[in-house]
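Shown next, in structure tokens, is the structure this report addresses.
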Amino acid sequence: MKYWKPILLVLWMVGLVLLLVFYIIPQEERLQNDTIEKLEQENENLAHRNATLDEEILHLKKETDSLATHISLSEQTIKKLETQLYEKLDRINAMSAMDLHEYIAGFKTDSTGFQKR
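First residue of the sequence shown: 460, per our numbering; consecutive thereafter.
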């Protein structure tokens, strides 16, 4: 009996080491490998999503540039129309009462267009 206690203790330690080596450690490694694979898949998904968002950003930048050009052209057109309007207003302000009456009524006093039969 004196010798059985150390032998059982050694056998128990060997069994514990074998349990660690063949069962517990491989499961932890498998869990780590599964976690790494999941993270790699998530990383690939994020890389794909990032590429998609980059394409969308480029498309929106092009659209923004196009709209900015259109706005600029519209502003130039508005300025030209305002200039024409102010020129017409200046001409109307410079007219005499008779010229203004002819302008509003649409009459022309040119006698060259009138022919007798």
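Ideal Cβ placement from N, Cα and C applies to all residues, glycine included.
- If you draw a straight line from the Cα of Leu468 to the Cα of Glu496, it comes to about 40 Å.
- Counting along the chain, Tyr562 sits inside the alpha helix (DSSP H) bounded by residues Ala556 to Ala564.
- The three-state secondary structure of Tyr462, taken from DSSP, is coil.
- In this structure, the CA atom of Ile537 is about 20 Å from the CA atom of Arg550.
- Separation of the CB atoms of Met554 and Tyr545 is rounded to 15 Å, and the pair is thereby denied contact status at 8 Å.
- The straight-line gap separating the alpha-carbon atoms of His529 and Leu519 is approximately 15 Å.
- If you ignore the 5 residues before and after Leu532, its C-beta comes within less than 8 Å of no other C-beta in its own chain.
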